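Asker: Residue numbers (this note's numbering), protein chains in the order written: chain A, 1 to 377; chain B, 378 to 740.
Quick one: the structure is below, questions incoming.
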Amino acid sequence: MSTSEGPVTGPDADRPADDHAVATSTVDVTKEPAPEASRETLLEVTDLRKHFPITSGMLRRQVAAVKAVDDISFSVRKGETLGVVGESGCGKTTTGRMIMRLLEPSAGKIVFEGHDITHMKQRQLRPLRRDIQMIFQDPYSSLNPRHTVGAIVGAPFRLQKVKTEGGIKKAVQEILELVGLNPEHYNRYPHEFSGGQRQRIGVARTLALRPKLIVADEPVSALDVSIQAQVVNLLEDLQDEFGLTYVVIAHDLSVVRHIADRVAVMYLGKIVELADRTSLYESPMHPYTNALLSAVPVPDPDKRKGRERIRLQGDVPSPLNPPPACRFHTRCWKAQEICKTVEPPMVELKPGHQTACHFPENAPAGAAETVAKSAAL
Amino acid sequence: MGDEKERTETLDGTPAAAEAAHRPPTAFLEVRDLRIHFPTDDGLVKSVDGLSFQLERGRTLGIVGESGSGKSVTSLGILGLHNRRNANVSGEIWLDGQEIVGSTPDQVRRLRGRNMAMIFQDPLSSMHPFYTVGNQIIEAYRIHNDVSKQVARKHAIDMLGRVGIPQPDKRVDDYPHHFSGGMRQRAMIAMALSCDPELLIADEPTTALDVTVQAQILDLLRDLQEEFNSAIIMITHDLGVVAELADDILVMYGGRSVEYATVDDLFHRPLHPYTWGLLGSMPRLDRERSERLLPIKGTPPSLINLPSGCAFNPRCAYAELNDGRSETERPELKELEPGHSVACHLPLARRKEIWDNEIRPKL
């Protein structure tokens, strides 16, 4: 998206002028990520940390802390989709909530469009809410059952006191149409809709004020397979149309591969690997990423015999007392002495492919030295 | 046994039903024309409407479908867990020569746990929070076996060890909330297997779990099946899971089965448009990344008011190829090739053509 064109005048302003832009064959042209340097950074997260205190006694003295997110850094460029994957308890939702500023970070910095929003007050945050919006996981509990669709989707306009041409109702109906709902459903209640339609209502509410960044926390995991695909396609269409930037948090690696341009893999509050989609799925470097990918069941009966699967032993350790140094060493088959004593730093071993491991796989020659050097620093 | 047969006969008074009841079942588990309907204020909910399948020992049947397709209701029906006051169950379920639908609750209770057992989706809500894991396994074991508490406890420890719980002699005294999600599911499996059942029904056993834990549980089920030679019914919405585990697959839609085939046929030569839709909806890690998923349009139907004719017709991309027949006439499940049954009006040759030329290249 070039900046020289000035403000975008319509949904298709910077599209090639053919009518088949939505058709399958041409979408890939617009979806292909632009060269990295040419894209502006929209969100920059540095050393972000969230520790939830555990208190005890009458004085509520802090006795321990759940290290939900521990020193993670990443950036999101304009127009791209960053996927965040990991198992339950890895801190992916906490990360999303901190970006939304629904949770106060314990340390670190969140910079959105050049403004430090890490510790903004509620009042200062209000204008920001127009630019950062969230799609929630559960389409049943995230919509107020006593409000009509019109009230739900129109709420952002009222709260932000946005004047729209032709009134709020018209604006809402336009958005409903955009997400594939019937505008005549304006006066219906959420219970009259199916799960997939409810998720569309959630997406409509999110889109109302044309945000710049959308944080989607497991946007399709509560939906049936056939409906999942509808919502994934909808999110992609909307991104193409409005140049949206997504942070998609999900546990389903296949969905993330489909939707994301870059992917961050989290384990116990840390990002262990961050790379371009293709690089991550074709040559994963961190042993944990390898294990995750090999654990996904493949819908092809021929592959069940020949496939070599990495069996991870045991469960994820408690984030209350995570293992020292490399947090994965207790379950890692490559772990050696150094993994228990020195925390592996996040190192860019290939352009656009960072990982935090002493013994990365699929790594270019000389990677071990690079890691050792960075670890010594 | 003898007087049971007579009772079944008197229950289903019609001669045809009596005749069917006399037909000796050939398979270990045979379900014939099972119907489970729930009368409600809004109308009759036909959750399962004419379902038939068979299963042998040592084999795994995957039942696939979306929410509301009747897959879980089927499993509860086999276990005889539906309250007869709320549900109308008809048809036949033969388990190792014994008919379940016509049996008394007492007879079914004796089968349940001993001959058939179930693994539920959410192990936290299906275990009792007040009792230790060990107590719950011991209770189930002692109901069916006349043994002392000590012997039962030893057996419980043994079972927990077998499903891969570390230090089973200590963990046996833990409460369910002390266990992680994966361990709870293992304990649940230990409980289900404690009486060495011949039929194990697993209802979405890994849906609530993380992928790495899911892989562990699937491996465990596979190993245990080899060891016990039990028959497994695996109910899931995840085609990946059934591809890993099942020998045969039954695809359900709107309370009926639309395709019933071996795992190879279903994934390599599926013949029902709904199965094609499911395969196209899934993003897959084992293929080149497709730019676009191919969803099924519309939403799953209401079970109170199923579309006339083929229940899938409003969502089917090929319904109009039948001159409206899909909208008026319900397709029967027909065996088109040995071991491959499909319920669809489209001519077989046309369907094969569509699969080869239109669907498969896009997957």
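Beta carbons are placed, not taken as given, at the ideal position from N, Cα and C, and that holds for glycine.
For clarity, every value in this text was computed on a predicted model and none was experimentally measured.
Give, in chain order, every residue of the region 184 to 196 of chain A whose Cβ lies closer than 7 Å to some Cβ of chain B.
Answerer: Under the 7 Å Cβ criterion, the region 184 to 196 of chain A contributes SER194 and GLY196.
Asker: In the DSSP assignment, the alpha helix (DSSP H) including PRO127 (chain A) goes from what residue to what residue?
Answerer: Here the alpha helix (DSSP H) through PRO127 (chain A) covers 122 to 129.
Asker: Take GLN239 (chain A) as the anchor and find which of A:LYS212, A:GLY96, A:ASP224 and A:GLN228 has the nearest alpha-carbon.
Answerer: Ranking the options by Cα distance to GLN239 (chain A), first place goes to A:LYS212.
Asker: In terms of alpha-carbon separation, which member of A:THR55, A:VAL45 and A:LEU43 lies closest to LEU320 (chain A)?
Answerer: If we check each option's Cα against that of LEU320 (chain A), A:THR55 comes out closest.
Asker: Can you pull the chain B neighbours of LEU176 (chain A), defined as C-beta to C-beta under 7 Å?
Answerer: Those do not exist, as LEU176 (chain A) stays about 16 Å from chain B at its closest Cβ, beyond 7 Å.
Asker: Given a cut-off of 9 Å, decide if LEU537 (chain B) and VAL549 (chain B) are closer than it, judged by their beta-carbon atoms.
Answerer: Yes, the pair counts as a contact, with Cβ atoms nearer than the cut-off.
Asker: CA-CA distance, ARG126 (chain A) and LEU42 (chain A)?
Answerer: Answer to the nearest angstrom: the Cα atoms are 18 Å apart.
Asker: Quick one: which residues of the region 650 to 673 of chain B get their C-beta closer than 8 Å to a C-beta of chain A? List them in chain order.
Answerer: For the region 650 to 673 of chain B, which is checked against every Cβ of chain A, the residues closer than 8 Å are GLY654, LEU655, LEU656, GLY657, SER658, MET659, PRO660, ARG661, LEU662, ASP663, ARG666, SER667, GLU668, ARG669, LEU670, LEU671, PRO672 and ILE673.
Asker: Are the Cβ atoms of SER446 (chain B) and ILE578 (chain B) separated by less than 9 Å?
Answerer: No. Outside cutoff.
Asker: Among the candidates B:ALA623, B:ASP418 and B:GLN562, whose CA atom is the shortest distance from the CA of ASP587 (chain B)?
Answerer: Selected option, being the one with the closest Cα: B:GLN562.
Asker: What whole-angstrom Cβ distance do VAL441 (chain B) and VAL628 (chain B) have, given they're in contact under 8 Å?
Answerer: With a Cβ gap of about 5 Å, VAL441 (chain B) and VAL628 (chain B) count as contacting.
Asker: Would the beta-carbon of ASP261 (chain A) fall within 9 Å of that of ASP237 (chain A)?
Answerer: Cβ atoms of ASP261 (chain A) and ASP237 (chain A): not closer than 9 Å.
Asker: Assuming ILE214 (chain A) is part of the beta strand (DSSP E), what are its boundary residues?
Answerer: Its beta strand (DSSP E) spans residues 213 to 217.
Asker: Please name the residue in B:LEU710, B:ARG669 and B:LEU670 whose C-alpha comes closest to that of GLU687 (chain B).
Answerer: Looking at the sequence shown, residue 687 (chain B) is not Glu but Cys. Selected option, being the one with the closest Cα: B:LEU710.
Asker: Compute the Euclidean distance between the alpha carbons of GLY390 (chain B) and ASP418 (chain B), then round it to the nearest angstrom.
Answerer: Unreliable placement is indicated for GLY390 (chain B), whose pLDDT of 43 sits below 50; no coordinate value is reported for it.
Asker: Can you check DSSP and say which residues form a bridge with ILE72 (chain A)?
Answerer: Its beta-bridge partners are A:LEU48.
Asker: Tell me the rounded alpha-carbon separation between GLY541 (chain B) and LEU662 (chain B).
Answerer: Looking at the two C-alpha atoms, the distance is approximately 29 Å.
Asker: Where are the beta strand (DSSP E) runs, 3 residues long or more, that stay fully inside the region 629 to 669 of chain B, in chain order?
Answerer: Counting whole runs of 3 or more residues, the region 629 to 669 of chain B contains the beta strand (DSSP E) stretches 633 to 639.
Asker: By DSSP, does GLN230 (chain A) sit in helix, in strand, or in coil?
Answerer: In this structure, GLN230 (chain A) counts as helix in the three-state DSSP scheme.
Asker: Between GLN544 (chain B) and ARG311 (chain A), what straight-line distance do the alpha-carbon atoms span, to the nearest angstrom?
Answerer: Rounded to the nearest angstrom, the two C-alpha atoms are 20 Å apart.
Asker: Are there 16 or more other CB atoms within 10 angstroms of the CB of GLY617 (chain B), so buried, or fewer, so exposed?
Answerer: Buried is the call here.
Asker: Give the range of the alpha helix (DSSP H) segment to which ILE99 (chain A) is assigned.
Answerer: First-last of the alpha helix (DSSP H) with ILE99 (chain A): 92 to 99.
Asker: Can you pull the DSSP bridge partners for GLY439 (chain B)?
Answerer: GLY439 (chain B) pairs with B:MET611 and B:ILE626.
Asker: Which one of B:ILE413, B:VAL510 and B:GLY468 has the shortest CA to CA distance from LYS448 (chain B)?
Answerer: Closest option to LYS448 (chain B), Cα to Cα, is B:ILE413.
Asker: Can you tell me which of the three DSSP states TYR288 (chain A) falls into?
Answerer: Residue state, collapsed to three classes: helix.
Asker: Could you check which residue in B:ASN465, B:TRP471 and B:LEU456 has the C-alpha nearest to that of PHE405 (chain B)?
Answerer: Comparing Cα-Cα distances from PHE405 (chain B) to each of B:ASN465, B:TRP471 and B:LEU456, the minimum goes to B:TRP471.
Asker: Rounded to the nearest angstrom, what separates GLU516 (chain B) and ASP315 (chain A) at their Cα positions?
Answerer: Their backbone Cα atoms lie some 28 Å apart in a straight line.
Asker: Taking any Cβ of chain A, which residues in the region 609 to 631 of chain B have a Cβ under 9 Å from it, in chain order?
Answerer: Result list: HIS614, ASP615, LEU616, GLY617, VAL618, VAL619, ALA620, GLU621, LEU622 and ALA623.
Asker: Does HIS358 (chain A) pass the burial test, meaning 16 or more other C-beta atoms within 10 Å, or should it be called exposed?
Answerer: HIS358 (chain A) comes out buried.
Asker: Which complete alpha helix (DSSP H) runs does the region 130 to 179 of chain A hold, if anything under 4 residues is left out?
Answerer: Those alpha helix (DSSP H) runs which fall completely within the region 130 to 179 of chain A and span 4+ residues are 149 to 159 and 167 to 178.
Asker: Could you tell me whether the Cβ atoms of GLY654 (chain B) and LEU671 (chain B) are closer together than 9 Å?
Answerer: Yes, they are a contact pair.
Asker: GLN378 (chain A) and PRO156 (chain A) look like a contact to me (Cβ under 8 Å); what is the Cβ gap, rounded to whole Å?
Answerer: Because residue 378 (chain A) is not part of the residues shown, which for chain A are 1 to 377, the question remains open.
Asker: Which residue comes first and which comes last in the alpha helix (DSSP H) that contains MET346 (chain A)?
Answerer: Where MET346 (chain A) is concerned, there is no enclosing alpha helix (DSSP H), given that its DSSP letter is neither H nor E.
Asker: In chain order, what residues of the same chain have a beta carbon less than 8 Å from the beta carbon of LYS169 (chain A), not counting five sequence neighbours either side?
Answerer: Taken in chain order, the residues that qualify are GLY150, GLY154 and TYR186.
Asker: Between ILE496 (chain B) and the ligand ATP, is the CB less than 8 Å from at least one heavy atom?
Answerer: Among the components of this structure there are no ligands whatsoever, and the ligand ATP is therefore not found.
Asker: Chain B beta carbons: is any one of them nearer than 9 Å to that of HIS353 (chain A)?
Answerer: Answer no: the Cβ-Cβ gap between HIS353 (chain A) and chain B never drops below 9 Å.
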